[in-house]
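Peer 1: So that we are looking at the same thing, I have put the structure below in structure tokens.
Numbering (the working numbering), first residue to last: 8 to 450.
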């Protein structure tokens, strides 16, 4: 991940970035599993838009779910998605999910202690947006983003944002109790992504919006191993190429995401933490017992993922048709936590909204003198009235021969999953719509 000559020369410059028009709607075609775009039924009139068509992304998936959002391109964070809403079939209006979602930092320390990069705020991540061709966006639409002083193009107009739809396989499958009836549904996703080149690495920032309301946030690193770093002969690297000669230096990718929830249009969501404790079987019991408890997180928190622990953001105002409070559960992905820095020592942070707190490390927001520069320093006991969620997912990259050339994508990320957002599975077939809370024979 050592920077090459282009990004070393330009990476420290603070460059402004403006945006060009992007409208993704009916023009976004089907993914590779859908050879031809599907004809959509005539839809009801769309709700009033939160932004102009130039900055709106809207897609109705073939299973009936519509995702809507606005966007802009930030001079350091890159793509920012805003005013994100989800409307499955059976809901008369969109359900607001997030005020905004974007990357919060990519911190890259090398195992030999020689260098550490903050790719978003220090090394030109946003200016590294690269052009994509049609083969990289199968069945979709590539839109243009204007990036002044773009590092890897002679033009500021970068064909750099892909929006498409893809099949993801089974959304569900259920055999009927009687007869041979099988209920099954193939799930569909709206997929939005950019590619940003930082030195030898190329980061694929991917947002997957599933038809069941789940959001998947992933960053994939690809490109090349830095040839300038084949010098790890001290046990902090792995031999690449013939014999024990070129040792690629091991390093970590610590990726942060920043989420501002706005469930049902309110910023006043509440955070809850759930923990379960398993106890050995008591006398006369056949199996261990498991008790789950909830802790309301009312003040800022630096949280650590543990076995049987999870968090959810609960709507302050909205309920589903069963009368249950809507919420989204944070579903962590695989991670290797980097313990070398205070801001990477925790898996999730909940901080009170502050306009100046924009990046998890080397924060460049306009904070007053003395204000902390990293997310861990912002956890100082404030009451949460407008919580901001920071998720940290780490990957320790020990190179291998298969990493060249080019390097296969290695992914890291997490999901947020709807919990009681709708009264039933939003993809429930009509024949099973009456089976909500009551067990009846399936036929």
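Every residue gets a Cβ at the ideal spot worked out from N, C-alpha and C, and that includes glycine.
#1: In chain order, which beta strand (DSSP E) runs of at least 3 residues are fully inside the segment 320-348?
#2: Count the other CB atoms within 10 Å of the CB of residue 413; is the residue buried (16 or more) or exposed (fewer)?
#3: Nearest-angstrom Cα distance between residue 283 and residue 330?
#4: From residue 196 to residue 115, what does the alpha carbon distance come to, in whole angstroms?
#5: Under a three-way DSSP split, which group does residue 28 fall into?
#6: Could you check where the alpha helix (DSSP H) with residue 127 kicks off and where it finishes?
#7: Count the other CB atoms within 10 Å of the CB of residue 177; is the residue buried (16 or more) or exposed (fewer)?
#8: In whole angstroms, what separates the C-alpha of residue 10 from that of residue 303?
#9: Do residue 87 and residue 109 come within 8 Å of each other at the CB atom, strictly closer than that value?
#10: How far does the beta strand (DSSP E) with residue 64 in it reach, from first residue to last?
#11: Keeping to the same chain, check which residues put their C-beta closer than 6 Å to that of residue 398; ignore five residues upstream and five downstream.
#12: Of all the options 280, 365, 285 and 375, which has the alpha carbon lying nearest to the alpha carbon of residue 338?
#13: With 16 other CB atoms within 10 Å as the buried threshold, where does residue 186 fall?
#14: How many Å lie between residue 101 and residue 419 at the Cα?
#15: What span of residues does the beta strand (DSSP E) with residue 394 cover, start to end?
#16: Measure the alpha-carbon distance for residue 6 versus residue 445 and round it to whole angstroms.
#17: Helix, strand or coil for residue 292, going by three-state DSSP, please let me know.
#18: Looking at C-alpha atoms only, which residue of 296, 184 and 135 is the closest neighbour of residue 207?
#19: Going by beta carbon distance, what residues of the same chain come within less than 8 Å of residue 285, once the five residues before and after it are set aside?
#20: Whole-angstrom Cβ separation of residue 321 and residue 276, contact assumed at under 8 Å?
#21: What separation, rounded to the nearest whole angstrom, lies between the Cα atoms of residue 58 and residue 270?
#22: Compute the Euclidean distance between the alpha carbons of residue 366 and residue 372, then round it to the nearest angstrom.
#23: Pairing CB atoms from the segment 374-390 with CB atoms from the segment 220-239, are three or more of them under 8 Å?
#24: I think residue 167 touches residue 212, with their Cβ atoms under 8 Å apart; what is that distance to the nearest whole Å?
#25: Using 8 Å as the threshold, is the segment 152-166 in touch with the segment 122-136, meaning 3 or more CB pairs across them?
#26: In the DSSP assignment, what are the bridge partners of residue 355?
#27: Can you look up residue 116 in the DSSP assignment and give me helix, strand or coil?
#28: State yes or no: is the C-beta of residue 119 within less than 8 Å of the C-beta of residue 256?
#29: Does the count of Cβ pairs from the segment 430-446 and the segment 343-350 closer than 8 Å reach three?
#30: What do you reckon, are the CB atoms on residue 439 and residue 307 nearer than 8 Å?
#31: When the Cα atoms are used, what is the spatial distance from residue 402 to residue 188?
#32: Identify which residue in 340, 400 and 310 has its Cα closest to the Cα of residue 358.
#33: Leaving out the 5 sequence neighbours to the left and right, which residues in its chain are closer than 7 Å to residue 258 when beta-carbon positions are compared?
#34: Going by alpha carbons, who is nearest to residue 90 out of 267, 427 and 382?
#35: By how many angstroms is the C-alpha of residue 224 removed from the C-alpha of residue 78?
Peer 2: Answer, in terms of the structure:
#1: 332-338
#2: exposed
#3: 25 Å
#4: 30 Å
#5: Bear in mind that a pLDDT of 34 at residue 28, under 50, signals an unreliable position, so the number given afterwards is only what the model happens to contain. Coil at residue 28, not helix or strand.
#6: Residue 127 -> alpha helix (DSSP H) spans 126-129.
#7: exposed
#8: Only weak support is given to the placement of residue 10: the predicted model assigns it a pLDDT of 44, under 50, and the value that follows is read from those uncertain coordinates. The straight-line gap from Cα to Cα measures roughly 44 Å.
#9: yes
#10: 63-67
#11: 264, 355 and 421
#12: 280
#13: exposed
#14: 29 Å
#15: 394-404
#16: Here the chain has residues from 8 to 450 only, and residue 6 is not among them.
#17: coil
#18: Closest in alpha carbon position to residue 207, among 296, 184 and 135, is 135.
#19: These residues qualify, in order along the chain: 295, 296, 297 and 315.
#20: Rounded, the Cβ-Cβ distance is 6 Å, consistent with contact.
#21: 18 Å
#22: 7 Å
#23: The segment 374-390 is not in contact with the segment 220-239.
#24: Rounded, the Cβ-Cβ distance is 11 Å, inconsistent with contact.
#25: yes
#26: 310 and 398
#27: strand
#28: yes
#29: Output reads no: the segment 343-350 does not touch the segment 430-446.
#30: no
#31: Across the structure, residue 402 and residue 188 are spaced so that their CA atoms are roughly 44 Å apart.
#32: 310
#33: Its chain contains 8, 115, 116, 117, 118 and 404 as the residues whose beta carbon lies nearer than 7 Å to that of residue 258, once the 5 sequence neighbours on both sides are disregarded; these appear in chain order.
#34: Nearest to residue 90 by alpha-carbon distance, out of 267, 427 and 382, is 267.
#35: Between the alpha carbons of residue 78 and residue 224 lies a distance of about 16 Å.
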